[in-house]
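The structure appears right after this line, and notes come after that.
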Amino acid sequence: MNRTYSIVWSAVRNMYVVASELARGHSKVKIQAHSNEVSPSIEKPESGWAISAKHNALAFAIVAALGFASPLAMADNPVSYIDGTDHDLNAETSPISYSGTGQGTALYLEGLATAKGGWQPTSGTGTGVVIETAGGGDLLPDGSYAIATAIKLASGAVLNLTNAEISTTGNYSTGIELTGQSSITLTGGTLQVKGNYGIMTLSGESQATLSDIKVTATAETTSNISVGEGSTLKIKDGSEVTLTNGQLSVAGNTTSNAFLYVANSTVSSTGTKSTGIASNQGILDIKNSTITHDNVAGAAIEAVNASTVTISGDNKNSMVITSEDIGIKSAKSSVNIDGATIIAKGDGILMTTGGSSFYSNNSGRTVNNADVTSDDAAALHVDKNTVIEKPITLTDSTLTGPTAIKLDNAATVEANNTTLNGNIDAGSTVSSLSLAEKSSLQGSVNGLHSSLTLDATSQWNMTDPSTVRPPVSTTQQ
27 MNRTYSIVWS AVRNMYVVAS ELARGHSKVK IQAHSNEVSP SIEKPESGWA ISAKHNALAF
87 AIVAALGFAS PLAMADNPVS YIDGTDHDLN AETSPISYSG TGQGTALYLE GLATAKGGWQ
147 PTSGTGTGVV IETAGGGDLL PDGSYAIATA IKLASGAVLN LTNAEISTTG NYSTGIELTG
207 QSSITLTGGT LQVKGNYGIM TLSGESQATL SDIKVTATAE TTSNISVGEG STLKIKDGSE
267 VTLTNGQLSV AGNTTSNAFL YVANSTVSST GTKSTGIASN QGILDIKNST ITHDNVAGAA
327 IEAVNASTVT ISGDNKNSMV ITSEDIGIKS AKSSVNIDGA TIIAKGDGIL MTTGGSSFYS
387 NNSGRTVNNA DVTSDDAAAL HVDKNTVIEK PITLTDSTLT GPTAIKLDNA ATVEANNTTL
447 NGNIDAGSTV SSLSLAEKSS LQGSVNGLHS SLTLDATSQW NMTDPSTVRP PVSTTQQ
């Protein structure tokens, strides 16, 4: 059976790349090489001219240099399109694959550059498509190693797959890479990554939607999902993301945030020292999901540098966060909780400077309709040097731990219809705590310079000797 390979110019790579079949007349340059008749040609369809010559020696040299002459390379089936048209990937030989030791990609889509400096999207669709990558590892001139990639999209390329089976094996492999406003939608199916160079990377205002898919990473060292500046990742509709020695990282910059939306799904992380979901100048919206952090250190969710985090559930049990260390950690960020259960061995909610010796402002914290439990530390902890610009409001919630609230820096805490099971430790800070609307405190208070106010509907059951700035104030309604 004759097979046609195409060599087309990639504006993103600034080089010629190989497609698995003949480009459809839109590429700037294409070279054909047939297994039974070698007939290289260079054509420019837009202007209607073509230059061709039958030089077998030259063509075979090109084919050999590209690796098609080797039995291993011929066994692979990489697919590459840079033609600005739509493609049915079910028409490709299955599996779509790459296993060479050099840089390579199983499925590559790139938009076609236009005369106005933009691009015409190249798109692909398929159902039940199998994509496999196992390769990379060659030492490159710059001292790095060649990486084998399962899927790479660039320059506005679009990919929609249903019930696909995507897998990578070998240390020098990665799953999915999106750049230049490209987008991918994976509905159902699986993404299994065993390589150490990432599960999925989004940059340049790209978008990815994972719906009802199982994502599993079992790398020996680390393998992350990374959402870069201006890009958006959506995980929804019963998706399951399981990370080993890795994290879901959302990192924007001063001019463009990065975005993560999780709904009705599960994200879990296991390993040694790693945070499950980490945001740096990101926008996180997590709803009706389960976040599990089994790492011995780190946090289930961490937000730093002007990140905004919204955690919500239809009720307390529909949004659950569990952690072997810290539940939610924030520095210079805003975190709002409305309907959630948080269970942590360390601090349930930690407001901190992130290790800096300088003062760090946190713009706000609201906890509504939540159960927050700490096994060994504080349900709510304000770290030293952490400036809380607005009152911390607790509404219709329960905070439980050896210490319900720990204040290492001054803060105002307002509890409304909230139960505090544990001690209040304000240390030497000048803080204030008010209990209102049938709130209750079961525990002692350590706050020589701090105040405690209760309205007529609230109560304090002092379990141990306490120190608080006198007098304890009781307000009437």
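When we follow this note's numbering, the leftmost residue of the sequence shown carries the number 27, and every step to the right adds one. Beta carbons are placed, not taken as given, at the ideal position from N, Cα and C, and that holds for glycine. This one's a predicted model, so the numbers in the text were calculated from it and none came from an experiment.
Residues near Thr-242 by beta carbon distance below 6 Å, same chain, minus five either side
Counting only Cβ-Cβ distances below 6 Å, and skipping sequence neighbours, we find Gln-218 and Thr-268.
| said: Can you give me the C-alpha to C-alpha distance between Ile-173 and Pro-428, rounded to a whole angstrom? | reply: When rounded, the distance between both Cα atoms is 49 Å.
| Taking just the CA atoms, how far does Thr-235 sit from Gly-206? | Cα-Cα distance, rounded: 16 Å.
Should Glu-158 and Ser-208 be called a contact, given that it needs their Cβ atoms to be closer than 8 Å?
-> The answer is no: Cβ separation not under 8 Å.
*Can you check the segment 171-244 for any beta strand (DSSP E) of at least 3 residues that lies completely inside it and give the ranges in chain order?*
Runs found: 174-180, 184-188, 191-195, 199-204, 209-213, 216-219, 226-228, 233-237 and 240-243.
Apart from the five residues just before and just after Ala-190, which ones in its own chain have a Cβ nearer than 6 Å to its Cβ?
-> The beta carbon of Ala-190 sits closer than 6 Å to those of Val-155 and Gly-215, all from its chain and outside the five residues before and after it, given in chain order.
Start and end residues, beta strand (DSSP E) containing Leu-467
That run of the beta strand (DSSP E) goes 466-468.
Query raised in the report: Considering Gln-485, what are the terminal residues of the beta strand (DSSP E) in which it resides?
Result: That run of the beta strand (DSSP E) goes 485-487.
* To do: Hey, could you find the ends of the beta strand (DSSP E) Pro-428 is sitting in?
  => The continuous beta strand (DSSP E) containing Pro-428 extends over residues 424-433.
Query - Collapsed DSSP secondary structure at Asn-314 in the structure displayed - result: Three-state DSSP puts Asn-314 in coil, outside helix and strand.
### Message
Contact between the segment 471-489 and the segment 441-457 is defined here as three or more beta-carbon pairs at a separation below 8 Å; is this criterion met?
### Response
At 8 Å Cβ cutoff, the stretches touch.
Notebook entry, point to check: For Gly-278, is the classification buried or exposed, using 16 other Cβ atoms within 10 angstroms of its Cβ as the cut-off for buried?
Noted result: So Gly-278 ends up on the buried side.
Item checked: Cut-off 8 Å between Cβ atoms - residues of its own chain near Thr-500, not counting five sequence neighbours on either side -> Result list for Thr-500: Thr-479, Leu-480, Asp-481 and Ala-482, in chain order.
| query | Is the CB-CB distance between Ile-309 and Val-293 below 8 Å? | reply | No, the pair does not count as a contact, with Cβ atoms beyond the cut-off.
- Item | Residue burial classification, Asp-351 (beta-carbon count within 10 angstroms, cutoff 16) | Burial call: buried.
query: Could you give the C-beta distance for Ser-149 and Asp-112, rounded to a whole number, given that I count them as a contact under 8 Å?
result: Contact holds; Cβ gap of about 5 Å.
For Ala-366, count the other beta carbons within 10 Å of its own beta carbon; 16 or more makes it buried, fewer makes it exposed. Which is it?
A buried status is given to Ala-366, since no fewer than 16 other beta-carbon atoms sit within 10 Å of its beta-carbon.
query: For the candidate residues Leu-259, Ser-282, Gly-353 and Gly-224, whose alpha-carbon lies nearest to that of Thr-400?
result: With the sequence shown as reference, residue 400 is identified as Ser, and Thr is not the correct amino acid for it. When each option's Cα is compared against that of Ser-400, the closest is Gly-353.
Close Cβ partners of Ser-237 (< 6 Å) along its chain, the five nearest in sequence each way excluded
Cβ contact annotation for Ser-237 (same chain, cutoff 6 Å, sequence separation greater than five): Thr-213, Lys-262 and Asp-263, in chain order.
Which residue comes first and which comes last in the beta strand (DSSP E) that contains Asn-472?
-> Where Asn-472 is concerned, the enclosing beta strand (DSSP E) stretches over 471-473.
key: beta strand (DSSP E) segment containing Gly-137, residue limits   = No beta strand (DSSP E) holds Gly-137; DSSP gives it neither H nor E.
| message | Comparing C-alpha positions only, which one of Ser-360, Asp-402, Asn-443 and Ser-356 sits nearest to Ala-396? | response | Among Ser-360, Asp-402, Asn-443 and Ser-356, the Cα nearest to that of Ala-396 is on Asn-443.
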